[in-house]
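**Q** Right, I'll just put the structure down here and ask away after.
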Amino acid sequence: MLDKGIRSKLLQQSAVLDPTTPTKCQNGRSFSIPSDSIDVSKVSHRNQLDVLAQLYSACISENLVPNIFLELFFILQLLTSRGGASTNDLEDAIVGKDVERQYFRSVHNCIYFAVRVLETQFMIISYLDKGTIRLLGENDRLGIFSVSLRDRLTRANEVGTAQVSPALQSVIQSVPFEPETDNRSNFASDRAFQNFKKQRDVFYELLREWEDKHTNPSWEFERSLGLRIRNMMVNLSAACNQNHFARLFQKQLLRMCKGTVGAFTGSEHPDQDVLDMLGTNNLTKLKRLQERFVVPQNIGGPCPPPTFSGCQVFFRDFLLCAGSHQLNQHLSDTLCQQILELDSIAILNHESSEGEVAVGEQDEKEHFASVLMTARLLAKFLGFLAFLPYRTGERPTRDMQESAVSLRNKGTPVLDVYMLLRKSMENQRTIFTVPWVVEFLSMVDHVAPFLDYYRRVFILLLYLYRSLVLTSEQNGNFLNKLLVLAVLGWLFQIPTVPEEMFFNEENFDGFELNVLDHGLDSVLLVDQQLLYLCCPYLSEYILGIIYNGLEE
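Heads up: the sequence shown begins at 0 in numbering that gives the first Met the number 0, then just goes up one per residue.
This is the structure we're talking about:
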């Protein structure tokens, strides 16, 4: 198990590893030495490397590391690392004690260790998308050090049918008029009704201007839209229309930012559905789409910090420019209400006692994915609003943190996520509740994890994380658990969550996880498409590392 400090130290000590690997992946530059220079016979200290690989794999398998995918990313770095000192050059550097030997100064040792770990973690690798499995199987180094692992990857790629399709860019579609909530009878006066209609028009003018100009490097959100947004808030407050606008804001947010959830394509031409949507005459878009599959994107590393992307940026910047406490409160209220409704509904119309989805399995999967993506988006913006007053660019001093904790412990959380998490664990609905709770908690400030309430939440999530051990007997819901582990691992690594929280021994309040044979957790609901929608960085940086191994 390698924490941030140990991994960083290893990167600094070893001539094999390059700390700037992600940057080189993004630029498409190769740092691999030719495959014909790799020689299994040059591996030294095999017995010790085998033991280290077993220990390292055990830590991954037992969820004793904060993020299992970050460890696999590190292993792929070893697999594609550049040349270091030869075995003969190392003899003078070897010291008497095994624990002090630098086993990874040799590129051959690095590859040997990496392949041994990948052999042990094949089950996780086999559930990744076909592109990742294929590229890993085509890696020459892996084939040289383990023909059996290469063959297993080849077979996994051949029998797999899932293709991960990209989410297409959203276009502006205004929220339609709804008589139940938008007609005159829902407003206090004619003036309020007419004023809201005007401000609604202003809102869409701002949105369309952003859509047209935000890609221009010289265009600035605050300078171009800030004053008009604040004037809009003044007019809404005067007519008591904040609640109506908060509902419109939420609906437009979902309409543009929820993401596209589509079925996999198992045909011989997996891109045909995309061709149909874009049209064969739009070659520019098709070329950009092709590049999107081939060129690794800059998303901030294998475990990127929480960010707002795409159309989400407009809604975030709108709230920041508005600076309206009234709007923030009304929006928080409506977000909480919608999240609670989604978390309590029966997502599946029929769940058998065996945990199988009967008719319309694919429809049920897509419905679940749609509801989950909705909840995640709403929770992200709720967390943004809840912790916005406390967010700072720098970590507070110890005295400032203790003072803030003492004061904020007296407050009430905007949403009782602890109760909702415990309830989801009891009812076997963690596959739905945990991903949206993670989005909410990803917005925490530096002090929040130390508050009594949120500390209990993180302890409960840690207990769940350690309980979800993946085994080969869980083929039915393996991806369900893998998604929960992936989002929790990402949460444990974000900058505002203290790393020591994961490694401290905590009291779990005597709460035991009831593993039942029914509930959403036992139904096969997650597929690769949903996994990569929730964790897009998996493909970006794993593929980036593998590509460097292929470019020789």
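Glycine residues also receive a C-beta, built at the ideal position from the N, C-alpha and C atoms.
#1: Please state if the CB of Gln249 and the CB of Thr333 are separated by a distance shorter than 9 Å.
#2: What are the boundary residues of the alpha helix (DSSP H) that Glu498 is part of?
#3: Between Gly225 and Ile143, what straight-line distance do the alpha-carbon atoms span, to the nearest angstrom?
#4: In terms of alpha-carbon separation, which member of Phe383, Glu360, Met399, Glu208 lies closest to Leu330?
#5: Just the Cα atoms here: how many angstroms apart are Thr214 and Gln337?
#6: How should Gly488 be labelled, buried or exposed, when 16 other C-beta atoms within 10 angstroms of its C-beta is the threshold for buried?
#7: Classify Glu221: buried if its beta carbon has 16 or more other beta carbons within 10 angstroms, exposed otherwise.
#8: Pull up the distance between the alpha-carbon of Arg421 and that of Thr429, whole angstroms please.
#9: At the level of alpha carbons, what is the spacing between Ser552 and Trp209?
#10: Using CA coordinates, which residue listed in Ser441, Ser105, Leu71 is at the minimum distance from Ser40?
#11: By alpha-carbon positions, which one of Leu467, Leu406, Lys409 ends up nearest to Val433?
#12: Would you mind reading off the limits of the alpha helix (DSSP H) that contains Gln336?
#13: In three-state terms, what does DSSP make of Thr264?
#14: I need the boundaries of the alpha helix (DSSP H) containing Trp218, first residue and last residue.
#15: Please list, in chain order, all residues of the same chain as Phe501 whose beta carbon is under 7 Å from its beta carbon, the five residues on each side excluded.
#16: On a CA-only basis, which of Gly322, Leu371, Phe317 is nearest Ser343? Give me that one, please.
#17: According to DSSP, is Leu519 part of a helix, a strand, or is it coil?
#18: If the criterion is Cβ atoms closer than 9 Å, does the pair Lys257 and Thr373 meet it?
#19: If you draw a straight line from the alpha carbon of Phe314 to that of Met424, how long is it in whole angstroms?
#20: Quick one: using the 10 Å Cβ neighbour count with 16 as the cut-off for buried, is Leu78 buried or exposed?
#21: Taking the CB atoms as reference points, tell me whether Arg115 and Asp38 lie closer together than 9 Å.
#22: Do the CB positions of Cys534 and Val496 come within less than 9 Å of each other?
#23: Kindly list the residues whose CB is nearer than 7 Å to the CB of Leu524, restricted to its own chain and excluding five residues on each side of it in sequence; keep chain order.
#24: Quick test of your reading: Thr153 and Gly136, contact by CB under 8 Å. State the CB separation rounded to the nearest angstrom.
#25: Compute the distance between the beta-carbons of Asp444 and Arg375, then report whether it is under 9 Å.
#26: For chain E, find out if any of its Cβ atoms is closer than 9 Å to the Cβ of Asp415; answer yes or no.
#27: For Ser538 and Pro301, I'd like the C-alpha separation in whole angstroms.
#28: Rounded to whole angstroms, what's the CA-CA distance from Thr396 to Gly410? Just pull it up for me.
#29: Verify whether the separation of the beta carbon atoms of Pro305 and Ser147 is less than 9 Å.
#30: Am I right that Leu450 and Arg407 are in contact with their C-beta atoms under 8 Å? What's the rounded C-beta distance?
#31: By the DSSP assignment, the alpha helix (DSSP H) with Cys534 in it spans what residues?
#32: Rounded to whole angstroms, what's the CA-CA distance from Phe72 to Tyr203? Just pull it up for me.
#33: Can you look up Gly278 in the DSSP assignment and give me helix, strand or coil?
#34: Does DSSP put Pro304 in a helix, a strand or coil?
#35: Are Leu235 and Leu347 close, meaning C-beta to C-beta below 9 Å?
#36: Does DSSP put Thr396 in a helix, a strand or coil?
**A** Here's the rundown:
#1: yes
#2: Per DSSP, Glu498 belongs to no alpha helix (DSSP H) and is neither H nor E.
#3: 59 Å
#4: Phe383
#5: 32 Å
#6: buried
#7: exposed
#8: 9 Å
#9: It is not possible to answer for residue 552, since the shown part of the chain is limited to 0 through 551.
#10: Ser105
#11: Leu467
#12: 324 to 343
#13: Since pLDDT at Thr264 reaches only 33, below the 50 mark, its modelled position is unreliable, and no value is offered.
#14: Segment: none, Trp218 is in no alpha helix (DSSP H) and carries neither H nor E.
#15: Pro65, Leu461, Phe491
#16: Leu371
#17: helix
#18: yes
#19: 32 Å
#20: buried
#21: no
#22: no
#23: Lys364, Phe367, Ile430, Asn479
#24: 5 Å
#25: no
#26: Chain labels in this structure do not include chain E; a single protein chain is all it has.
#27: 9 Å
#28: 21 Å
#29: no
#30: 6 Å
#31: Note, Cys534: premise wrong, no alpha helix (DSSP H); not H, not E.
#32: 42 Å
#33: Note that Gly278 scores 42 on pLDDT, short of 50, meaning its location in the model is unreliable; the coordinates nonetheless yield the value given after this. Coil at Gly278, not helix or strand.
#34: coil
#35: no
#36: coil
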